[in-house]
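Asks: Have a look at the structure that comes next, please.
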Amino acid sequence: MALPRPRVFIAHSSNCPPEDACGCRAFLTATELYLGTLGCVPVYDKAYLAGGCEWSPELMRLMGSCHGMVVLVSPHALGSRHVRNETRIAEFMRANSEGSFVLLPVLLPGVRRPDLDGNGSELKELGLSKYDLVYWTADAGPGKPPEKLAKSLLPLVERRGSLPHPEVTEYVACRIAGLSDAVLERTAEILGVTTLAYARHHTSQRVSRGLLTERPLAEFGDPCLMREALGYFLGRLADRSHRQEIVDLVVPYARVPRGAADQLQALSKAARGRVALLESRSGHTAEMYLRRASESPDPWLVHRPVPRTGMPWVESIVGDIRDFLHRELCFGEPCGPAELHKVLVRHERESGGPVTVALHEPAEARLLQRLPEEFPRLLFLFSSAQVTDAPPALGSRNRLISLTPGQERDMLATHRRFHGAHAPYGPV
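Just so you know, we're using the UniProt record's numbering here: the sequence shown kicks off at 1 and counts up by one.
Printed below as a string of structure tokens:
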């Protein structure tokens with residue numbers, strides 16, 4: 001699930017007439033187009049507000065919806081109280097976002113650094129010289145935006161949706177953000193991840209991305225950079241619950257094939273036939289697959305039915321699933337078929353995935369016929385050591401890409417080693 005693209009406000013002076021030789025209107029247009037190519041949504045007052053609304057509540061709300069601001073400092077902007085006030089608001093937003101709000105002054109032709117603090121400058125009191133300024137030279141012209149503009153906005157673009165799984169990346173990044181710069185840099189080095197020297201606060205995002213990168217192994221016991229990284233930094237996290245949350249996400253993302261996650265996501269959206277088969281030796285492997293497919297810090301709701309004694313086998317599983325749904329989704333009250341269908345659709349929409357039933361046993365024909373008929377909105381995942389005997393009606397789309405026995409064993413061993421409350425940390 002992609003996050004909304006970052007919205008970047010463009011602060012500029014409107015006092016430049018079209019015939020003015022400075023041409024700063026062309027730089028505004030070029031900035032708007034360039035931000036779009038970088039993956040941002042450009043925002044500026046005249047594009048959204050009617051004339052005379054610069055300091056209306058609408059403008060304040062507009063700026064409040066943004067994740068950064070580019071200040072185009074033209075000769076006209078030096079004398080603009082509106083640019084001054086907009087930049088002051090941006091400084092407030094930056095201070096109250098712990099630096100995640102990007103404030104980027106861009107000096108257009110005709111403006112030098114000393115001009116920012118010169119007599120007669122409305123921007124003097126802001127002290128913009130303290131920021132890492134971007135220079136847009138006359139030689140380059142509007143047609144060639146400075147590379148530093150893209151470089152400075154890169155952390156923001158990465159945080160706000162350009163990653164394959166931004167929500168999970170952000171979740172892990174928040175849990176490792178308390179590590180020292182030295183530990184984060186060393187972890188990045190272990191993972192082979194490059195960091196941004198000009199954006200130290202973004203290192204946790206880069207490390208998180210490296211931890212969540214798929215890293216398949218050929219055989220059990222092969223060296224692994226993800227294991228080495230976990231062994232290095234997990235023990236330095238004070239909160240043990242954060243350690244376990246990180247392991248619960250990192251291990252499935254590093255080991256479960258992305259193709260299998262795509263298969264599960266496609267089945268979860270199918271109108272019918274929501275049945276998946278997985279060749280595995282452990283029922284815990286199915287949980288890892290579902291965690292990977294969830295693409296969210298909160299995994300899909302999973303139930304593992306337990307057959308009841310004194311009842312026919314299929315009926316006991318159907319009854320157990322029905323009781324689970326009534327207990328978890330209907331507050332313990334029985335639901336009719338129509339009402340249960342509505343509740344399941346709503347749950348799927350709100351949580352981003354279906355209620356899933358995981359059965360660690362072969363896909364027996366009686367279950368395959370009865371369960372989808374009884375619960376068409378559920379996703380059923382059958383995991384067993386042998387799936388070749390499954391009915392022909394379940395084709396390749398239902399058979400998930402499986403790990404080799406050695407790969408599966410390594411994934412489970414890695415999770416067990418690092419997840420336990422008393423897991424040892426140190427060199428792997």
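Yeah, the Cβ is synthetic: ideal placement off N, Cα and C, and Gly gets one too. As the structure is a prediction and not an experimental result, all values here were calculated from the model.
List the residues that DSSP assigns as beta-bridge partners of residue 216.
Replies: By 1-based counting over the sequence shown, the position of residue 216 is 216. Paired residue(s): none; residue 216 is not in a bridge.
Asks: Mind checking whether residue 429 and residue 264 have CB atoms under 8 Å apart?
Replies: Residue 429 is absent from the model: the chain starts at 1 and stops at 428.
Asks: Counting C-beta neighbours from all protein chains within 10 Å, is the total for residue 198 16 or more, i.e. buried, or is it exposed?
Replies: Residue numbering aside, residue 198 sits at position 198 when the sequence shown is read from its first letter. It is exposed - the Cβ of residue 198 has fewer than 16 other Cβ atoms within 10 Å.
Asks: Let me know the alpha helix (DSSP H) ranges lying completely inside the region 176–235, each 4 residues or longer, listed in chain order.
Replies: Within the region 176–235, the complete alpha helix (DSSP H) runs of at least 4 residues are 181–191, 203–211 and 225–233.
Asks: For residue 269, tell me which candidate among 168, 138 and 354 has the shortest Cα-Cα distance.
Replies: Here residue 269 refers to the residue found at position 269 of the sequence shown. Answer by Cα proximity: 354.
Asks: For residue 69, does the three-state DSSP call read helix, strand or coil?
Replies: On the sequence shown, position 69 is the one that residue 69 refers to. Three-state result, residue 69: strand.
Asks: Using DSSP with H/G/I as helix, E/B as strand and the rest coil, what is residue 57?
Replies: The sequence position of residue 57 within the sequence shown is 57, counting from 1. In the structure shown, residue 57 sits in a helix (DSSP, three-state: H, G or I).
Asks: Quick check: the region 328–335 against the region 246–260, are there 3 or more CB pairs under 8 Å?
Replies: No, the region 328–335 does not touch the region 246–260.
Asks: In whole angstroms, what is the alpha-carbon distance linking residue 247 and residue 60?
Replies: Looking up residue 247 in the sequence shown gives position 247. Looking up residue 60 in the sequence shown gives position 60. So the two alpha carbons sit approximately 41 Å from each other.
Asks: Would the region 145–165 count as touching the region 88–99 if we require 3 or more Cβ pairs under 8 Å?
Replies: Segments in contact, no.
Asks: Residue 271 and residue 381 - do their beta-carbons sit closer together than 8 Å?
Replies: Against the sequence shown, residue 381 aligns to sequence position 381. Against the sequence shown, residue 271 aligns to sequence position 271. No, they are not a contact pair.
Asks: Thinking C-alpha only, which one of 336, 267, 325 and 231 is nearest residue 416?
Replies: Within the sequence shown, numbered from 1, the residue matching residue 416 stands at position 416. Closest option to residue 416, Cα to Cα, is 231.
Asks: For the region 163–177 and the region 130–137, state whether three or more C-beta atom pairs, one from each stretch, are separated by less than 8 Å.
Replies: The region 163–177 is not in contact with the region 130–137.
Asks: Is it buried or exposed, residue 238, if we count other Cβ atoms within 10 angstroms and call 16 or more buried?
Replies: Position 238 of the sequence shown, counting from 1, holds the residue named residue 238. It is exposed - the Cβ of residue 238 has fewer than 16 other Cβ atoms within 10 Å.
Asks: Alpha carbons only, please: which of 322, 317 and 216 is nearest the one belonging to residue 364?
Replies: Counted from its first residue, the sequence shown places residue 364 at position 364. When each option's Cα is compared against that of residue 364, the closest is 317.
Asks: For the candidate residues 400, 212 and 76, whose alpha-carbon lies nearest to that of residue 15?
Replies: On the sequence shown, position 15 is the one that residue 15 refers to. Of the candidates 400, 212 and 76, the one whose C-alpha sits nearest the C-alpha of residue 15 is 76.
Asks: Hey, quick one: how far does the beta strand (DSSP E) through residue 451 stretch, first residue to last?
Replies: In the structure as shown, the chain begins at 1 and stops at 428. Residue 451 is therefore absent and cannot be evaluated.
Asks: Tell me whether residue 279 sits in a helix, a strand or coil according to DSSP, three-state version.
Replies: Counting from one through the sequence shown, the residue named residue 279 turns up at place 279. It is a strand residue.
Asks: Just grab the DSSP bridge partners of residue 7 for me.
Replies: Taking the sequence shown and counting its residues from 1, one reaches residue 7 at position 7. Per DSSP, 41.
Asks: Buried or exposed: residue 267, going by 16 or more other Cβ atoms within 10 Å of its Cβ?
Replies: Along the sequence shown, read from residue 1 onward, the residue named residue 267 stands at position 267. Classification of residue 267: buried, given that the 10 Å Cβ count is 16 or more.
Asks: Which word fits residue 338, buried or exposed, when buried means at least 16 other C-beta atoms lie within 10 angstroms of its C-beta?
Replies: For this step, residue 338 is matched to residue 338 along the sequence shown. Classification for residue 338: exposed.
Asks: Per DSSP, which one or two residues make a beta bridge with residue 379?
Replies: Residue mapping note: residue 379 aligns to position 379 of the sequence shown, counting from 1. Note: residue 379 sits in a beta bridge opposite 356.
Asks: Helix, strand or coil, according to DSSP, for residue 318 in the structure here?
Replies: Position 318 of the sequence shown, counted from the first residue, corresponds to residue 318. DSSP places residue 318 in helix when its eight states are reduced to three.
Asks: Could you check the C-alpha separation between residue 297 and residue 311 for me, to the nearest Å?
Replies: Translated into the one-based positions of the sequence shown, residue 297 becomes position 297. Translated into the one-based positions of the sequence shown, residue 311 becomes position 311. Straight-line Cα distance between these residues: approximately 38 Å.
Asks: Taking the alpha-carbon positions, what's the residue 62 to residue 144 distance?
Replies: Taking the sequence shown and counting its residues from 1, one reaches residue 62 at position 62. Taking the sequence shown and counting its residues from 1, one reaches residue 144 at position 144. For residue 62 and residue 144, the distance between alpha carbons rounds to 28 Å.
Asks: Indicate the three-state DSSP secondary structure (helix, strand or coil) for residue 135 in the structure shown.
Replies: Here residue 135 is taken as the residue at index 135 of the sequence shown, counted from 1. Reduced to three states, the DSSP call for residue 135 is strand.
Asks: Can you find at least 3 beta carbon pairs, one from the region 372–386 and one from the region 206–224, that sit closer than 8 Å?
Replies: Taking 8 Å as the limit for Cβ pairs, the verdict is that the region 206–224 does not touch the region 372–386.
Asks: If you pair each beta-carbon of the region 167–187 with each one of the region 108–128, do three or more pairs fall below 8 Å?
Replies: The region 167–187 is not in contact with the region 108–128.
Asks: How about residue 87 and residue 133: do their beta carbons lie closer than 8 Å?
Replies: Counting from 1 along the sequence shown, the entry for residue 87 is found at position 87. Counting from 1 along the sequence shown, the entry for residue 133 is found at position 133. Contact: no.
Asks: What separation, rounded to the nearest whole angstrom, lies between the Cα atoms of residue 427 and residue 236?
Replies: Counted from its first residue, the sequence shown places residue 427 at position 427. Counted from its first residue, the sequence shown places residue 236 at position 236. Confidence in residue 427 is poor, its pLDDT being 45 and thus under 50, which makes the residue's placement unreliable; the coordinate value appears in the next sentence. Spanning the two alpha carbons is a distance of roughly 13 Å.
Asks: Are the CB atoms of residue 243 and residue 372 nearer to each other than 8 Å?
Replies: Within the sequence shown, the letter at position 243 stands for residue 243. Within the sequence shown, the letter at position 372 stands for residue 372. For residue 243 and residue 372, no; Cβs fall outside 8 Å.
Asks: Hey, would you say residue 28 sits closer than 8 Å to residue 102, going by beta carbons?
Replies: Position 28 of the sequence shown holds residue 28. Position 102 of the sequence shown holds residue 102. Result no, Cβ atoms of residue 28 and residue 102 do not sit closer than 8 Å.
Asks: Of all the options 370, 73 and 64, which has the alpha carbon lying nearest to the alpha carbon of residue 25?
Replies: Within the sequence shown, numbered from 1, the residue matching residue 25 stands at position 25. The option with the nearest alpha carbon to residue 25 is 73.
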